[in-house]
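**Q** Would you mind keeping the following structure in view while I ask a few things?
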Amino acid sequence: MGEKKLVNPFQVKGNWYKANLHTHTTNSDGDSTVAERVKQYREKGYSVLAITDHEKTNDVSGLSSEKFLVLSGMETHPICPNDKNAYHLVCLNVPFGLDFPKDADANTRVKIVRQAGGEIIFAHPYWCGLTINEITAVKGYIAMEVYNAVCTRIGKGFSSVHWDDLLASNKIIPAVASDDTHSGREIFMGWTMIKAEQLDACSIMEALRTGSFYASCGPTIKDCRIEKNELVLQCSAVKEVHFICRWASGLSFYADNNDDIIEARCPINDALKYVRVELVDRQGNRAWSNPFIL
Ligand SMILES: [Zn+2]
Ligand SMILES: [Zn+2]
20 MGEKKLVNPF QVKGNWYKAN LHTHTTNSDG DSTVAERVKQ YREKGYSVLA ITDHEKTNDV
80 SGLSSEKFLV LSGMETHPIC PNDKNAYHLV CLNVPFGLDF PKDADANTRV KIVRQAGGEI
140 IFAHPYWCGL TINEITAVKG YIAMEVYNAV CTRIGKGFSS VHWDDLLASN KIIPAVASDD
200 THSGREIFMG WTMIKAEQLD ACSIMEALRT GSFYASCGPT IKDCRIEKNE LVLQCSAVKE
260 VHFICRWASG LSFYADNNDD IIEARCPIND ALKYVRVELV DRQGNRAWSN PFIL
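In terms of the numbering used here, the sequence shown opens at residue 20 and continues consecutively.
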């Protein structure tokens, strides 16, 4: 299936780093300066913050420390070929001053970013109103946003069906959760837990390229791995566990009123094509593992 192999973050060496990979500042339509954003996320216990203003980079030199990494980024909006819509592409690890030719299409922008040492995350496809054909017309991005906090304001924060559509189209793609921070209303709502060797741009980008992460709005995934013919999960206390696969034959567990779920198992076989785990805690917050391709 597909072109790319994902690693299992629970089976690689490294440390976990909490990240918000989509952030706006007063340099575009956010309500805080870059320095204020860094302070907000650092004090909340995050380790990684990508500053991604609309069509603008920021000079983030000197903002990183041993315990906090600031990635230089941008959100760019190439036009979508099939209507008057635009793609929203989050560029990570791009040089300060990066600029695109005005009429550069999405795939050209992906190439420019990658040539500059960066990578692209496909932002909030549901909010954009994109069809699967419009999404698959873009190549070369490393992840998509399954959750975007600011998009929940118009009821379109969750792009999990778009994700399954891509996976069903044999596109092996992992997913992140992001605040897309503009103001205090959506800050600290969705994050990405990255397993990387160390806290520097090189290691974090490598972890992002290989799928060494999971997305969350609350629950913690403690372990998730294939053992013989089962996918075995350990997690923080949740009320629902869903093993979601290519077909209708997934498996779900629901806690009764007293007992939370902290582990679950799902029999797997190649015919399922892929399995991913989606958790829901008692507050209704979700977490998403990356897909296990079978
Ligand atoms: Zn956007
Ligand atoms: Zn944004």
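All C-beta atoms, glycine included, are put in the ideal place defined by N, C-alpha and C. From a predicted model like this one, the values you see are computed outputs, not experimental measurements.
So, at 7 angstroms on beta carbons, what are the nonlocal neighbours of Thr-229 in its own chain, with the 5 sequence-adjacent residues on each side left out?
**A** The residues are Leu-25 and Val-26.
**Q** Using the C-alpha atoms, what's the distance from Asp-184 back to Val-195?
**A** About 16 angstroms.
**Q** Three-state secondary structure (DSSP) at His-43?
**A** Reduced to three states, the DSSP call for His-43 is coil.
**Q** With a cut-off of 6 angstroms, give the chain-ordered residues whose Cβ is closer than this to any heavy atom of ligand 1.
**A** So the residues near ligand 1 by this Cβ test are Glu-94, His-107, Ala-142 and His-143.
**Q** Comparing C-alpha positions only, which one of Tyr-60, Asp-124 and Ile-139 sits nearest to Gly-203?
**A** Per the Cα distances, Tyr-60.
**Q** Anyone know if the C-beta pair for His-143 and Cys-110 falls short of 9 angstroms?
**A** Their beta carbons are not under 9 angstroms apart, which means His-143 does not touch Cys-110 by this criterion.
**Q** What separation, rounded to the nearest whole angstrom, lies between the Cα atoms of Thr-45 and Val-31?
**A** Their Cα atoms are separated by approximately 38 angstroms.
**Q** Going by the beta-carbon positions, is the gap between Gly-92 and Gly-33 smaller than 9 angstroms?
**A** In this structure, Gly-33 does not lie closer than 9 angstroms to Gly-92 by Cβ.
**Q** Does the distance from the CB of Ile-213 to the CB of Pro-100 come in under 9 angstroms?
**A** Not closer than 9 angstroms, so no.
**Q** For the 8 angstroms Cβ check, are there 3 or more pairs between the region 37-51 and the region 172-183?
**A** In short, these stretches do not touch, since the Cβ pair count stays below three.
**Q** Would you mind stating whether His-315 and Glu-74 have Cβ atoms separated by less than 9 angstroms?
**A** Lying before the first or after the last residue shown, residue 315 is absent from the chain, which here runs from 20 to 313.
**Q** What three-state label does DSSP hand Met-20 in the structure shown?
**A** Unreliable positioning characterises Met-20 in this predicted model, as indicated by a pLDDT of 38, which lies under 50. The coordinate reading is nonetheless provided below. Reduced to three states, the DSSP call for Met-20 is coil.
**Q** State the CB to CB distance for the pair Val-53 and Thr-76, rounded to an integer number of angstroms; the pair is presumed to be in contact (CB under 8 angstroms).
**A** The pair is not a contact, with the Cβ atoms about 11 angstroms apart (cut-off 8 angstroms).
**Q** For Thr-150, which three-state DSSP category applies?
**A** Thr-150: coil per DSSP, three-state reduction.
**Q** Regarding Val-299 and ligand 2, is the C-beta to nearest heavy atom distance less than 8 angstroms?
**A** Val-299 Cβ: outside cutoff for every heavy atom of ligand 2.
**Q** Less than 6 angstroms between C-beta atoms, sequence neighbours within five positions excluded: which residues of the same chain meet that for Met-224?
**A** Cβ neighbours of Met-224 beyond the five flanking positions: Asn-112.
**Q** On a CA-only basis, which of Thr-71, Cys-254 and Ala-234 is nearest Gly-209? Give me that one, please.
**A** For the residues Thr-71, Cys-254 and Ala-234, the minimum Cα distance to Gly-209 belongs to Ala-234.
**Q** Any idea what DSSP makes of Ser-308, helix, strand or coil?
**A** It is coil, neither helix nor strand.
**Q** In or out: Asp-300 buried (at least 16 other Cβ within 10 Å) or exposed?
**A** Buried: at least 16 other Cβ atoms inside 10 Å.
**Q** Below 8 angstroms, how does it come out for the region 215-222 and the region 254-262: are there three or more Cβ pairs, yes or no?
**A** Cβ pair count under 8 angstroms is below three, so no.
**Q** What residue range does the beta strand (DSSP E) around Trp-210 cover?
**A** Unbroken beta strand (DSSP E) run through Trp-210: 210-215.
**Q** From what residue to what residue does the beta strand (DSSP E) around Glu-225 run?
**A** Premise fails: Glu-225 lies in the alpha helix (DSSP H), 220-229, not in any beta strand (DSSP E).
**Q** Going by the beta-carbon positions, is the gap between Tyr-145 and Lys-175 smaller than 9 angstroms?
**A** Going by C-beta atoms, Tyr-145 is nearer than 9 angstroms to Lys-175.
**Q** From this set, Glu-85, Lys-86, Leu-90 and Asp-72, which residue's C-alpha is nearest Val-79's C-alpha?
**A** It is Leu-90.
**Q** Taking the C-alpha atoms as reference points, what is the distance between Gly-148 and Val-257?
**A** Spanning the two alpha carbons is a distance of roughly 31 angstroms.
**Q** I want to know whether the region 286-298 touches the region 241-258 - three or more CB-CB distances under 8 angstroms.
**A** Cβ pair count under 8 angstroms is three or more, so yes.
**Q** Give the DSSP bridge partners of Leu-25, in chain order.
**A** Answer by DSSP bridge pairing: none, since Leu-25 is not bridged.
**Q** Find the nearest neighbour of Phe-87 within the set Glu-94, Lys-63, Asp-122 and Leu-117, judged by alpha-carbon distance.
**A** Per the Cα distances, Lys-63.
**Q** Could you pull the start and end residues of the beta strand (DSSP E) that Lys-241 belongs to?
**A** First-last of the beta strand (DSSP E) with Lys-241: 240-246.
**Q** CA-CA distance, Gly-21 and Ser-268?
**A** Low per-residue confidence applies at Gly-21: pLDDT is 40, beneath 50, and the placement is therefore not dependable enough to give any value.
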